[in-house]
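Just so we're aligned: the sequence shown equals residues 0 to 158 in numbering that gives the first Met the number 0.
We treat Cβ as the ideally placed atom computed from N, Cα and C, and that holds for glycine.
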Amino acid sequence: MNLDIIAQLVQILREAPELGAIEVRRGLFGAWSSVRVSRAGHSTNESGQHVVVAQAHAPASGAAPGAPLPGAAAAAPSHLVEIKSPMVGTFYSAPEPGADPYVKAGSRVATGQVVCIIEAMKIMNEIESEVAGVVREVLVENAQPVEFGQLLFRVDPHA
């Protein structure tokens, strides 16, 4: 892993207070294979899911600190829980072309249920819901590029 990637990972931790740790995993022959991002105060995902964030980048230098990332929607009603993209990549709503989407607006989800896939560096990363409830909004289209921190879904945990 080169120093530029390490610097990007450190910058992500500084700019995203909701992140608690970034764990780098090494693969064969000492090459890095994946990076896991865990949220502060949340238990890590033990399913072996890895989140690759090496391509993630900060907002343009002209952006104000704390400004929403490009593509972020307006503020949600306070009772809805937001599921955000943990990486830069391509959003896929279904496991394969032509298949039904994992979830739609109105779908009931369970904690840990896969809600979409984000492809980053040719790795398909399953994104899981951190809350049980009903999906109220799907904020991105299939095959759309997404940014780190971009809103993907809003879930009503009280429904």
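A Cβ-Cβ distance of about 19 Å is found for the pair Glu125 and Arg153, leaving them out of contact under the 8 Å criterion. Each residue's CA atom was taken as its position, placing Ala158 and Asn141 some 25 Å apart.
With 16 or more other Cβ atoms inside 10 Å of its own Cβ, Leu138 counts as buried. Here Ala119 is near Val87, since their CB atoms are less than 8 Å apart. The beta carbon of Thr110 lies closer than 7 Å to those of Ser128, Glu129, Val130, Ala131 in the same chain, with the five residues before and after it left out. By the CB criterion at 8 Å, Ile117 and Ser84 fall inside the cutoff. Rounded to the nearest whole angstrom, the C-alpha separation of Ile5 and Ile11 is 10 Å. Remark: C-beta atoms of Val134 and Gly105 approach each other more closely than 8 Å. With a threshold of 16 other beta carbon atoms within 10 Å, Ala15 meets it and is buried.
Around the Cβ of Gly97, a 10 Å sphere holds fewer than 16 other Cβ atoms; the residue is exposed. Between Cys115 and Leu151, the gap from beta carbon to beta carbon is short of 8 Å. Looking at Met123, Gln143, Asp155, Val113, the one whose alpha-carbon comes closest to that of Phe90 is Gln143.
Collapsing the DSSP output to three states places Ala15 in coil.
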